[in-house]
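Take a look at the structure set out below.
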Amino acid sequence: MLRFDPFRDLDTLTAGMLGASSGSDRAPRFMPMDLYKVDDHYVLSADLPGVDPGSIDVDVDRGTLTLTAHRTAPGSEGVQWISSERFAGTYRRQLSLGEGIDTERISASYDNGVLSVTIPLAERAKPRRIEIARSDDAESRRTIEAS
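Right, here's the structure in full:
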């Protein structure tokens, strides 16, 4: 799994230098996530509280995993905001997948505001033990006698 995204890093650096914030009062800043490996698969957990499950999209294309979700803001007609800290809009996160991933078996679920994506390793990428043939068994051992 590769997490380096040079364009995101460049956008963050530019925004910091120009004094722009990384999110506005009503726009999402980021999609926090955890990524870890368990046995023969990776697990990605992304926090998406309040997101409509129907708006979540998990897509794999040419080795890139893309997560997209949308949270709608409450109607603003007749509303006088006192505080607006919950972001609304489209969340998007991309990860580059390595060569050893079985993209056909990636699965996802959404429960209690957390998107969980299971990313299995391909069979050829799983570690395996290689048996070593021994030549010290009884059949291959011969006794040589001197005459």
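Here our numbering is used: the sequence shown runs in plain steps of one and ends on residue 204.
All C-beta atoms, glycine included, are put in the ideal place defined by N, C-alpha and C.
Cβ-based neighbour list, residue i, same chain, cut-off 8 Å, excluding 5 preceding and 5 following
i: E180; result: D159
i: R185; result: none
Span of the beta strand (DSSP E) around residue i
i: R119; result: First-last for R119: undefined, no H or E at that position.
i: P177; result: V171 to P177
i: T160; result: Careful: T160 lies outside any beta strand (DSSP E) and carries neither H nor E.
i: V100; result: H98 to D104
Residue i to residue j span [Cα, whole Å]
i: G170; j: A130; result: 16 Å
i: E156; j: M88; result: 25 Å
i: S81; j: A145; result: Only weak support exists for where S81 lies, its pLDDT of 44 falling under 50; the coordinates are left without a value.
i: H127; j: K94; result: 27 Å
i: E161; j: G132; result: 40 Å
i: E142; j: D118; result: 33 Å
Nearest candidate by alpha-carbon position, reference residue i, set the options
i: D168; options: D104, H98, V115 and Y99; result: D104
i: T147; options: S140, T175 and P106; result: P106
i: L154; options: L124, V108 and I113; result: L124
i: R149; options: A190, S112 and T175; result: S112
i: V115; options: S192, A165, A190 and I187; result: A165
i: D96; options: T175, E188 and I187; result: T175
Whole-number beta carbon distance between residue j and residue i, since they are thought to touch under 8 Å
i: L172; j: H98; result: Not quite, the Cβ-Cβ distance comes to about 16 Å (not below 8 Å), so this is no contact.
Contacts around residue i, its chain only, beta-carbon distance under 6 Å, and the 5 residues preceding and following it disregarded
i: L152; result: L122
Same chain only: Cβ atoms within 7 Å of residue i, ignoring 5 sequence neighbours per side
i: G135; result: none
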